[in-house]
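Novice: Under this note's numbering, the first residue of the sequence shown carries the number 1, and numbering increases by one thereafter.
Using N, Cα and C, we set each Cβ at its ideal position, and we do this for glycine too.
Bear in mind the structure is a predicted one, so any value in this text is a computation, not a measurement.
My questions all concern the structure below.
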Amino acid sequence: MGSQPGPGSPEKTTGMTTDEDWDRGLLENQLGVNDFVKIQKAFESSDPRKSICMSREEFMEKMADIVGWGTQEEYGELYDKVDLARDGFINWDKLTSFILLSLYEKDERAKATVVPQWKDLEFLQGKHKDTIQKIIFLKSSSRYLTISKEGLLGIWGENLKLQETLPITSDATKLKHLWVTSLVSLENANKIAVAFTSKEICFYDLLSKEFPCQYKLQGLKGTPICMDYWYNSLDINESILSFGDITGKVQAVVFTAASISLFERPVSTCEEEDATMTINWEDLRSGGHRCCHVLGHKLHHGDWVRQVAYNASLDVIISSTTNNTNTVVLAWREKSKDHLKMTSLNIAQGIYAFDYHSRLNLIATAGINNKVCLWNPYVVSKPVGVLWGHSASVIAVQFFAERKQLFSFSADKVLRLWDIHHQLSIQRLACSFPRSKDFRCLFCFDETHGRLFIAFNNQLALLAMKNEPSKRVKSHQKPVTCVLYNSLLKQIISSDAGSTVSFWMIDTGQKIKQFTGCHGNAEISTMALDANETRLLTGSADGTVKIWDFNGYCHHTLNVGQDEAVDISHILVLKNTILVTGGKRAVTVFRPQNFNQFFIQSEEWKGGVQHHDDILCAAFLPPQTLATGSYDGEIVLWNNSTENAHCVLHPNYQRLFKSKPDIEPPEVSSAERKGSTYAMADQDSTAAPTFEPDTEGNNAVMRLCFLKARKNTAATGGADLVSCGGSGYVRFWDTFNKRLLAEFLAHSGVGSITMSTDKLNWYLTTGDLVGCLKIWKIEEYCLDSSKKKITQTPTLLRAFHPHEGQITSLEMCELGDHCLIISASADCSVGVTSVHSGPVCTFGQAKHWNIESCFSTIERDTNLMESEIQEESMKENHSYSKEEPYLDLTENLLLNKQENNDSATSM
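Here's what the structure looks like:
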């Protein structure tokens, strides 16, 4: 315990960001040693056999006076925590017991963040009939590959669903006499290499669907049984394929033009470009290919090489056997890069496997003698550490690099996790693994996804890490689904998947009230305010919309789904109607003048069904233009007064309604979503007669915004409507001339996005599935008509990650001189930040803020900022790291003032 944070203490009291900061703000966590000495004296009696007891009032008055800081209310809260039994008094023993228990619980929470928590063991459904030899993850395509002894290649999606299986065959021998021994990925060359018992290594093209064989390396002297591949991320032409065989040889092929061609094709060859090329090993060793050369050694003297790996930080090839002599050989590449210098580790009884941690500079070995040893690669005489705990031979080890921990797995199917620093076992797992005594085990930890794969013969088991409790502030207990700003009350209104609505003061971040169970247990998917901002409308997956006052009284329930569950996506409150979209191809309409009872049924929308797919959103431009967007990318423009449609906009076509169609357009069925086409009825003569339905949602319209501040677009031909959604695109439309004026990729590779704009239409904010938020300046974007579609992006002002999960809703508002952005996320948080720069204040944090002081010191030189940010707009979305530092408010404001730093931070 440190010294008390009194008035002169440097202890920070603003900008609390995490649950840990909230703990630190509690009185009991701020009391120092000197404070407890004073408190102890207050409980001491002149008679050592007696203990002084205090009531709540006595404790509050005496402690505030004796300690010299803290309010009576804070000491009252502390008293209530100690006197859980409500005895009406506490003594020194009760107080110290509470403090010790609090420290213990805090320590347990800290341990929980270090030791991973696992989901139940799961066996993946595959089609392998024989032993699985290798599992790898392809970063380029986010797929897993497994290969089994019989030559069957399994292709798995990132969701671990088996997508396809392919037989990997060779012409050298019949398949029933052929075994696959190993597999590696050559990601820089878009290939995989497979080793066979036929003493050959075949290279297959990943870019082709059928994975054709491009090269066959034949004539090896021994059967390769383990392989490893490394490439230089700074120069993808430089790479090394190393492999070990059953004769004890370790070989390495050093490529110098891997991304161009692994091997040289003879100039005189008349073979087709796609034909398999055969490479003779002796020809390769003798220098017959200028784009690669061979290194190797025979120090294992006839023992099977169980594992091989090249490490670039040491520039060494590491290999191992089960022999106790030259158990681990380190073949160091010398400066010429053509020769190897050997050192070795002699380990009693040999080892089954090893792993290397570059930052710790440690080699971990899986000993047949039940021990896990840690070695400094430069000190071969003895290990620097020995990890005891397994009661059977250790068959696999792998570092958890980020946490500096080590996994080990033994033959009795016990998994251990070790703290390398303290050399202690911090976790032991003995799951319900298969009981077979005769098994071959494959062990692979995918650190990026927190997945541990253990293969037992042909069965593939998965241990997946649970998502750890986030240290970020949570505004809701469940994912936040929608956020609104009430300008009348200066309040933020947020809803979540648990059917809860919360109200927050934007000035301070304080929660002022909360409605729970608004729709039972059904998720609230969207919300809206009426024109006077005195009524709140909530739409839910239960198929209803409810109208509330701000005292929590429900005045009406609108039956959208006709007593069935409907995924309501948007509510639009107009002067004489309430329009609801979602789960249907038609607009659902309610007319408030007919609200004469509690349960309200929908009325007929005169325009009928004009969408081929479900409507996802709507927007209104006074006096009478209504736009609705659907999953297939179509935007239908309506006259809201007559409720008739007059135009359809799509990125690939436009069409006009000559009159109200008598026949509804066909719905996209599941069969049609597999590639069929259908005709467009009653279309303009210039429109294409047929089109392919968008089955993947690449053009899905998730949000529509009319640019209401642009008054002269009819005359200038500029854009007055913005849409966004599938594939991360933002599109600007001229609804007067029925044209797509501009489209640009706002977020790459992250699926659908959402957006919002300010009242003056100067700025556009977009948010994506990974929590990235971007702010664009659109004040002068697409103001005039253009013959060619604009693809250049508007000026990007900011790009940052205020959230760890999907941004589900965005709202922009003006407060004083500040233009603010409110964002809601599936990570359970709601944040507010300024357009130009500044911290992200998270609703729900322990300390309240002053919104004026948060942004008043921020530099306003936006011209300078825009010129600096313009270069950033050319970068890919993933250049903005999600691992943002957590800074408190004081640090944040200083950074903004001194450096005009535009990184996202959370209060």
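Where Ile-571 and Cys-482 are concerned, what is the direct C-alpha to C-alpha distance, given to the nearest angstrom?
Specialist: 12 Å
Novice: Quick test of the definition: if touching needs 3 or more C-beta pairs under 8 Å, does the stretch 811–818 touch the stretch 472–481?
Specialist: no
Novice: What residue from Gly-749, Ile-201, Gly-32 and Arg-416 has the CA that sits closest to Ile-426's CA?
Specialist: Cα-wise, what sits closest to Ile-426 is Arg-416.
Novice: From this set, Tyr-104, Leu-153, Ser-141 and Trp-118, which residue's C-alpha is nearest His-128's C-alpha?
Specialist: Leu-153
Novice: Assign Cys-772 to one of two classes, buried (16 or more other C-beta atoms within 10 Å of its C-beta) or exposed (fewer than that).
Specialist: buried
Novice: Tyr-229 and Glu-238 - do their beta-carbons sit closer together than 8 Å?
Specialist: Using a Cβ distance threshold of 8 Å, Glu-238 and Tyr-229 do not count as a contacting pair.
Novice: Put Leu-95 into one of helix, strand or coil per three-state DSSP.
Specialist: In the structure shown, Leu-95 sits in a helix (DSSP, three-state: H, G or I).
Novice: State the start and end residues of the unbroken alpha helix (DSSP H) segment that holds Asn-34.
Specialist: 33–43 is the span of the alpha helix (DSSP H), which, as asked, contains Asn-34.
Novice: What does a CB cutoff of less than 8 Å around Asn-521 pick up in its chain, not counting 5 residues either side in sequence?
Specialist: Gly-498 and Ser-499
Novice: Inspect the beta-carbon positions of Asp-130 and Glu-158 and report whether they are closer than 8 Å.
Specialist: no
Novice: Name the residue from Leu-345, Lys-759, Met-465 and Phe-445 whose alpha carbon lies nearest to the alpha carbon of Trp-118.
Specialist: Met-465
Novice: Look at the alpha carbon of Ser-829 and the alpha carbon of Leu-721, and state the distance between them as a whole number of angstroms.
Specialist: 29 Å
Novice: Run the CB neighbour count on Ile-192, radius 10 Å, all protein chains shown included, and call it buried at 16 or more, exposed below.
Specialist: buried
Novice: Less than 6 Å between C-beta atoms, sequence neighbours within five positions excluded: which residues of the same chain meet that for Ser-727?
Specialist: Asn-698
Novice: Sorted by chain position, which residues of the same chain lie with C-beta nearer than 7 Å to Phe-439's C-beta, five sequence neighbours on each side aside?
Specialist: Phe-456 and Asn-457
Novice: Using 8 Å as the threshold, is the stretch 213–229 in touch with the stretch 296–313, meaning 3 or more CB pairs across them?
Specialist: yes
Novice: In whole angstroms, what is the alpha-carbon distance linking Val-386 and Lys-371?
Specialist: 7 Å
Novice: Please list, in chain order, all residues of the same chain as Val-770 whose beta carbon is under 6 Å from its beta carbon, the five residues on each side excluded.
Specialist: Val-750
Novice: Identify which residue in Gly-517, Thr-628 and Lys-382 has its Cα closest to the Cα of Cys-705.
Specialist: Put simply, of Gly-517, Thr-628 and Lys-382 the residue whose alpha carbon is nearest the alpha carbon of Cys-705 is Thr-628.
Novice: From Lys-298 to Lys-337, what does the alpha carbon distance come to, in whole angstroms?
Specialist: 18 Å
Novice: Taking Cβ positions, are Thr-808 and Ser-475 nearer each other than 8 Å?
Specialist: Not in contact: Thr-808 and Ser-475 (Cβ atoms no closer than 8 Å).
Novice: Quick check: what's the CA-CA separation for Cys-202 versus Thr-181?
Specialist: 12 Å
Novice: Tell me Ile-240's beta-bridge partners as DSSP assigns them.
Specialist: In DSSP, Ile-240 forms a bridge with Trp-230 and Val-254.
Novice: Measure how close the beta-carbons of Lys-584 and Asp-542 come, nearest whole angstrom, since I'm counting them as under 8 Å.
Specialist: Incorrect: roughly 15 Å between the Cβ atoms, too far for contact.
Novice: Could you tell me how far apart the beta carbons of Leu-183 and Val-194 are, in whole angstroms, since I believe they sit closer than 8 Å?
Specialist: Rounded to the nearest angstrom, the Cβ distance from Leu-183 to Val-194 is 5 Å, consistent with a contact under 8 Å.
Novice: My output table needs one value for Thr-500: the three-state DSSP class, helix, strand or coil.
Specialist: coil
Novice: Beta-carbon separation of Asp-205 and Phe-211 under 8 Å?
Specialist: Cβ distance < 8 Å, so Asp-205 and Phe-211 count as in contact.
Novice: Determine, using beta carbons only, whether Thr-754 and Pro-802 come nearer to each other than 8 Å.
Specialist: no
Novice: Within its chain, find whatever has a CB closer than 6 Å to the CB of Val-835; leave out the 5 residues flanking it on each side and keep chain order.
Specialist: Tyr-763, Ile-775 and Cys-819
Novice: In chain order, what residues of the same chain lie with their CB nearer than 6 Å to the CB of Val-587, ignoring the 5 residues before and after it?
Specialist: Leu-579 and Trp-605
Novice: Please report how far the alpha carbon of Glu-913 lies from the alpha carbon of Gly-88, in whole angstroms.
Specialist: The structure shown has nothing for residue 913, since the chain only spans 1 to 907.
Novice: From Thr-581 to His-611, what does the alpha carbon distance come to, in whole angstroms?
Specialist: 12 Å
Novice: My output table needs one value for Tyr-763: the three-state DSSP class, helix, strand or coil.
Specialist: strand
Novice: Judging by CA-CA distance, which residue of Ile-136, Ile-600, Cys-724 and Ser-381 is the nearest neighbour of His-449?
Specialist: Ile-136
Novice: Between which residues of its own chain and Ser-358 is the CB-CB distance below 6 Å, once the five residues before and five after are set aside?
Specialist: Ser-313
Novice: Kindly indicate which residue of Ile-524, Trp-388, Met-527 and Ile-547 has the alpha-carbon position closest to the one of Arg-535.
Specialist: Ile-547
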